[in-house]
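Peer 1: Here's a structure for you.
Numbering (the numbering used here), first residue to last: 30 to 177.
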């Protein structure tokens with residue numbers, strides 16, 4: 030995980046980072062979709078939480094949405110956290126990711142490409158990591174509560 034830079038409002042409680050993808054064009058696209066209101070859900074791998082020895086975030090947790098430059102762009106609040114097999118992700122969740130997917134199959138293809146990338150495999154410590162219908166994912170819904 031990256032550490033966000035010091036925020037000028039040091040009296041504010043530091044929020045955990047809300048990181049979408051890796052820094053670069055994809056993160057920039059996803060952050061913009063959150064800010065526009067198109068993206069209200071995201072999906073991660075349960076294996077990522079396990080690899081980083083992190084607990085799942087609780088509903089109601091607020092986090093700082095971080096852009097590719099490490100800046101806090103907004104505060105988001107989790108409204109739902111579900112762990113489910115990849116094969117059970119539904120169309121509404123795929124649509125709510127705000128990435129233009131029109132079907133679960135298209136959503137899955139895009140996510141598989143990301144999850145099978147060298148960067149993700151390195152982050153998981155498994156150079157041959159692949160997903161299947163039974164792979165557990167963390168489906169989160171959120172809302173923007175503050176823009177920075």
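Heads up, the beta-carbon is just placed ideally off N, CA and C, and yes, glycines get one too.
#1: Considering residue 49, what are the terminal residues of the alpha helix (DSSP H) in which it resides?
#2: For the ligand SAH, any of its heavy atoms closer than 6 Å to the Cβ of residue 55?
#3: Is it a yes or a no for the region 73 to 89 touching the region 127 to 137, going by three-plus beta-carbon pairs under 8 Å?
#4: Alpha carbons only, please: which of 86, 104 and 87 is nearest the one belonging to residue 94?
#5: Please state whether DSSP places residue 148 in a helix, a strand or coil.
#6: Compute the Euclidean distance between the alpha carbons of residue 69 and residue 133, then round it to the nearest angstrom.
#7: Taking the C-alpha atoms as reference points, what is the distance between residue 98 and residue 52?
Peer 2: In terms of the structure at hand:
#1: Premise fails: residue 49 is in no alpha helix (DSSP H) and is neither H nor E.
#2: With respect to the ligand SAH, the structure offers nothing, as it holds no ligand at all.
#3: no
#4: 104
#5: helix
#6: 16 Å
#7: 7 Å
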